[in-house]
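Asks: Note that the sequence shown ends on residue 136 in the numbering used here; no numbers are left out. All residues carry an ideal CB built from backbone N, CA and C; glycine is no exception.
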Amino acid sequence: MANQNAKSEPIVIKQPGMDLTIEHRQGLGGEDEGLSFDVTTESEGKRIIRFDCFYKDPHYHIGTTGERKNCKMKNEGITDPVSWSLEQLKTRLPSLVRQAGYESIAATIDQQFVAAQLSRLDADIRARY
8 MANQNAKSEP
18 IVIKQPGMDL
28 TIEHRQGLGG
38 EDEGLSFDVT
48 TESEGKRIIR
58 FDCFYKDPHY
68 HIGTTGERKN
78 CKMKNEGITD
88 PVSWSLEQLK
98 TRLPSLVRQA
108 GYESIAATID
118 QQFVAAQLSR
128 LDADIRARY
């Protein structure tokens, strides 16, 4: 398992109009924790998508503020939240951003670049889990 400093330093992948921040974080109330993949607007920091690969209750949110629903990964049969989330981000990011209501940002995402960065950083990402 990685040391606490490695877990606390976020990884940020930038694309036009958005940031993908990957970090170990605690959930609300501090009862759960794990790896979080947080896609936000670049200028205002509004949440677009977030995958929370928490130890007890892994889940994800897709949608604009106020419309997001909490989708439980366990209910969808997802047994490896980190690998599943990475696969979604590597292969479906523009589609997910579009689904969240950010068409103009989705149109500018370089999916190949994001996938290459996530693949290159795979060991560092998993060390934060």
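Would you check if there are 3 or more beta carbon pairs closer than 8 angstroms linking the segment 118–127 to the segment 18–32?
Replies: yes
Asks: Between Phe-44 and Ile-56, is the Cβ-Cβ spacing less than 9 angstroms?
Replies: Along the sequence shown, one-based indexing puts residue 44 at 37. Along the sequence shown, one-based indexing puts residue 56 at 49. Yes, the pair counts as a contact, with Cβ atoms nearer than the cut-off.
Asks: What distance in whole Å lies between the Cβ atoms of Tyr-136 and Gly-41, which are believed to be in contact at a cut-off of 8 angstroms?
Replies: Here residue 41 refers to the residue found at position 34 of the sequence shown. Here residue 136 refers to the residue found at position 129 of the sequence shown. Rounded, the Cβ-Cβ distance is 6 angstroms, consistent with contact.
Asks: What is the DSSP secondary structure of Lys-97, reduced to helix, strand or coil?
Replies: Taking the sequence shown and counting its residues from 1, the one referred to as residue 97 is at position 90. Three-state DSSP puts Lys-97 in a helix.
Asks: Quick check: the Cα distance between Asp-87 and Tyr-62, rounded to an integer number of angstroms?
Replies: The count along the sequence shown starts at 1 and reaches residue 87 at position 80. The count along the sequence shown starts at 1 and reaches residue 62 at position 55. So the two alpha carbons sit approximately 10 angstroms from each other.
Asks: What residue range is occupied by the uninterrupted beta strand (DSSP E) comprising Glu-83?
Replies: Taking the first residue of the sequence shown as 1, we reach residue 83 at position 76. First-last for Glu-83: undefined, no H or E at that position.
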